[in-house]
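Novice:
There are 2 protein chains.
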Amino acid sequence: MEKLVLHEDSDSGNCYKVRLVAAHLGLPLERRDYDTLKGETRTPEFLANVNANGRIPVLQIDDRFLPESSAACFYLADGSPLIPEDRFDRADMLRWMFFEQYNHEPNIATLRFWMAFVGEDRLSEAQKALIPAKVAAGNAALAVMDEHLRTRDFFVGGRFTLADVALYAYTHVMEGGGFDRRSYPAVERWLDRVAALPGHVLIDG
Amino acid sequence: MEKLVLHEDSDSGNCYKVRLVAAHLGLPLERRDYDTLKGETRTPEFLANVNANGRIPVLQIDDRFLPESSAACFYLADGSPLIPEDRFDRADMLRWMFFEQYNHEPNIATLRFWMAFVGEDRLSEAQKALIPAKVAAGNAALAVMDEHLRTRDFFVGGRFTLADVALYAYTHVMEGGGFDRRSYPAVERWLDRVAALPGHVLIDG
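So the protein lines, in turn, are chains W and C. Take any residue in the first sequence, count from 1 to its spot, add 1: that is its number in the working numbering. Take any residue in the second sequence, count from 1 to its spot, add 1: that is its number in the working numbering.
Structure (structure tokens):
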């Protein structure tokens, strides 16, 4: 069997997505940790050998490297029940994964990183100026999710898929970015539902 | 056969991606145009019936609605040669599609929208303050593409896939956002290669 290595920063929700998929599928994953705050994913070695885009996670499959959390999740789950067989549902799963990377992560994950890891005092003026727009856009994304989950147990096809993995990662730690989970009751119930699934692992596990 | 309707703004590169895929596959696509600058994708009717997230494109398949350009492209191309059969290549195609939505579109497409459609004079102070960071991040994305294409004809697996579609849409109009294509010779050659493929259509076609 191929050897799987996750190049990651263990605090990152994007990296957690890949670990969560591997846990659900029972796949062994070797882990190599990098400290992004210390620039460890911008070294010449990392850019030349792991990811020219200077970002984690990167899933290493034997000697090949796959950046982008959602692509790594898709690789691991390809052919498993975590990806729907139905053509519309499969595309709809990707729809929520793209929604997550475009509307959710740049707001909710970035605010968590700034507030809980960098520290508000150390933000640049340019970063501080972006906070109100990111708070508004993050809450708008959570409202779209809450509306969708009001009548559903999971995002797509009535069962747990990669769409739930992708959206769970930063939603379940939204408080780190100053978001209030009690404002989104359907999201709260879904968070509990995902955390109660067999095979679930914690972000700091 | 199912009826396909594209809810779009014809100036948008994201909408063009879906039209380009449909053209390559010979699929008939009915088009409904919205003017995003006039708020036509934020009306109560649009939010209730087409996309609660207030964005285009949305691909309508009979009476079902699929937002997110990359998901719509995947739906149309599922089972076609535009999506690689090889497991790694399929995930690697998605890797470039996620790269496009995270690192490329928010910089290159947003600057094009601001410069070529809104007009620099009409930007808010907050938007103007973001320009230098978006110029730098857009050039960084183009540099990653250029490096990758230096030894390749297409992004994944040696052939034209959805990764090329996704990245072509806003790269080929990068001048609208103030980016200089002559700085990226491998990207330039790839742009010409994509435009010369049978089945190609223009963004204003």
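Cβ atoms here follow ideal geometry from the backbone N, Cα and C, with glycine treated the same way. None of the values given here were measured: they were computed from a predicted structure.
Give me the chain W residues within the contact set of C/Asn104, using Cβ-Cβ distance strictly less than 9 angstroms, ordered along the chain.
Specialist: Here the neighbours are Asn54 and Arg56.
Novice: Please classify C/Glu86: is it buried, with 16 or more other beta-carbons within 10 angstroms of its beta-carbon, or exposed?
Specialist: Exposed.
Novice: Tell me whether W/Val174 is buried or exposed, calling it buried when 16 or more other Cβ atoms sit within 10 Å of its Cβ.
Specialist: With 16 or more other Cβ atoms within 10 Å, it is buried.
Novice: Have a look at C/Phe100, C/Leu163, C/Ala127 and C/Ile204 and flag the residue whose alpha-carbon is nearest the alpha-carbon of C/Ala144.
Specialist: Closest by alpha carbon: C/Phe100.
Novice: If we require 4 or more residues per run, which alpha helix (DSSP H) segments fall completely within the stretch 9-65 of chain W?
Specialist: Counting whole runs of 4 or more residues, the stretch 9-65 of chain W contains the alpha helix (DSSP H) stretches 14-26 and 45-50.
Novice: Which residues of chain W have a Cβ atom closer than 7 angstroms to the Cβ of C/Ile84, listed in chain order?
Specialist: Near C/Ile84 there are no residues of chain W at all, since even the closest Cβ is about 11 angstroms away, more than 7 angstroms.
Novice: Name the chain W residues that come within less than 7 angstroms of C/Ile62, Cβ to Cβ?
Specialist: Neighbours of C/Ile62 on chain W, chain order: Phe89.
Novice: Kindly give me the distance between the Cβ atoms of C/Ala72 and W/Leu83, rounded to whole angstroms, as I take these residues to be in contact under 8 angstroms.
Specialist: That pair is no contact at about 17 angstroms.
Novice: Given a threshold of 16 other Cβ atoms within 10 Å of its Cβ, counted over all protein chains shown, does C/Ala170 qualify as buried or as exposed?
Specialist: Counting Cβ neighbours within 10 Å, C/Ala170 comes out buried, since at least 16 surround it.
Novice: Who are the Cβ neighbours of C/Val166 in its own chain at under 7 angstroms, not counting the five residues just before and after it?
Specialist: Result list for C/Val166: Lys18, Leu21, Val22 and Cys74, in chain order.
Novice: Do the stretch 26-38 of chain C and the stretch 181-198 of chain W touch if we need at least three Cβ pairs shorter than 8 angstroms?
Specialist: As far as the Cβ criterion goes, the stretch 26-38 of chain C does not touch the stretch 181-198 of chain W, which means the pair count is below three.
Novice: Output, in chain order, the set of chain C residues within a Cβ distance shorter than 8 angstroms of W/Val22.
Specialist: Per Cβ cutoff of 8 angstroms: no residues; W/Val22 is ~12 angstroms from chain C at best.
Novice: Consult DSSP for W/Val6 and reduce its assignment to one of helix, strand or coil.
Specialist: Strand, per DSSP.
Novice: Under 8 angstroms, CB to CB, which of the residues in the stretch 3-17 of chain W have a partner in chain A?
Specialist: Within the model displayed, chain A is absent; protein chains W and C are what it includes.
Novice: Is the Cβ of C/Glu31 closer than 8 angstroms to any Cβ of chain W?
Specialist: It does not: the Cβ of C/Glu31 has no partner Cβ on chain W nearer than 8 angstroms.
Novice: Going by alpha carbons, who is nearest to W/Ala137 out of W/Leu60, W/Val6, W/Phe161 and W/Phe180?
Specialist: Taking only the C-alpha atoms, the option nearest W/Ala137 is W/Phe180.
Novice: How would you write the range of the alpha helix (DSSP H) that W/Ile109 sits in, first residue to last?
Specialist: Neither: W/Ile109 is in no alpha helix (DSSP H) and is coded neither H nor E.
Novice: State yes or no: is the beta carbon of C/Pro45 nearer than 8 angstroms to at least one beta carbon in chain W?
Specialist: No - not a single Cβ of chain W is within 8 angstroms of the one on C/Pro45.
Novice: Chain W partners of C/Asp93, CB-CB under 8 angstroms?
Specialist: What C/Asp93 touches in chain W: Leu67 and Ala72.
Novice: Just to make sure I have the definition right: I need the residues of chain C whose C-beta is within less than 9 angstroms of the C-beta of W/Ala187. Which are they?
Specialist: Within chain C, no residue comes near W/Ala187; the closest Cβ sits about 13 angstroms away, beyond 9 angstroms.
Novice: Could you tell me whether the Cβ atoms of W/Gly120 and W/Gly178 are closer together than 8 angstroms?
Specialist: Not a contact, by the Cβ cut-off of 8 angstroms.
Novice: C/Pro68 bridges to which residues according to DSSP?
Specialist: DSSP, once it has assigned bridges, lists C/Val59 as partnering C/Pro68.
Novice: Whole-angstrom Cβ separation of C/Ala134 and W/Ala130, contact assumed at under 8 angstroms?
Specialist: About 11 angstroms; that fails the 8 angstroms criterion.
Novice: Between the stretch 137-160 of chain W and chain C, which residues of the former have CB atoms less than 9 angstroms from a CB of the latter, in chain order?
Specialist: Listed by position along the chain: Ala141, Ala142, Ala144, Val145, Glu148 and His149.
Novice: Indicate whether the contact test is met: 3 or more Cβ pairs, each with one atom in the stretch 100-117 of chain W and one in the stretch 142-157 of chain W, closer than 8 angstroms.
Specialist: At 8 angstroms Cβ cutoff, the stretches touch.
Novice: Is it true that the CB of C/Ala78 sits closer than 8 angstroms to the CB of C/Leu124?
Specialist: Contact: no.
Novice: Please return the same chain residues whose Cβ sits closer than 7 angstroms to the Cβ of W/Phe66, not counting the five positions on each side in sequence.
Specialist: Cβ neighbours of W/Phe66 beyond the five flanking positions: Val51, Asn52 and Val59.
Novice: Since W/Phe180 meets chain C, which of its residues come closer than 8 angstroms, beta carbon to beta carbon?
Specialist: None at all; the shortest Cβ gap to chain C is about 18 angstroms.
Novice: For W/Arg113 and W/Ser13, what's the separation of their Cα atoms in angstroms?
Specialist: Between W/Arg113 and W/Ser13, the C-alpha separation is close to 10 angstroms.
Novice: I'd like to check one pair, C/Trp97 with C/Val195: are the Cβ atoms closer than 8 angstroms?
Specialist: Contact flag unset, no.
Novice: To the nearest angstrom, how far is the alpha carbon of C/Ser11 from that of W/Arg183?
Specialist: Going from the Cα of C/Ser11 to the Cα of W/Arg183 covers about 40 angstroms.
Novice: Apart from the five residues just before and just after W/His29, which ones in its own chain have a Cβ nearer than 8 angstroms to its Cβ?
Specialist: Inspection of the sequence shows that residue 29 of chain W is occupied by Pro rather than by His. So the list reads Leu5 and Ala23, once near-sequence residues are dropped.
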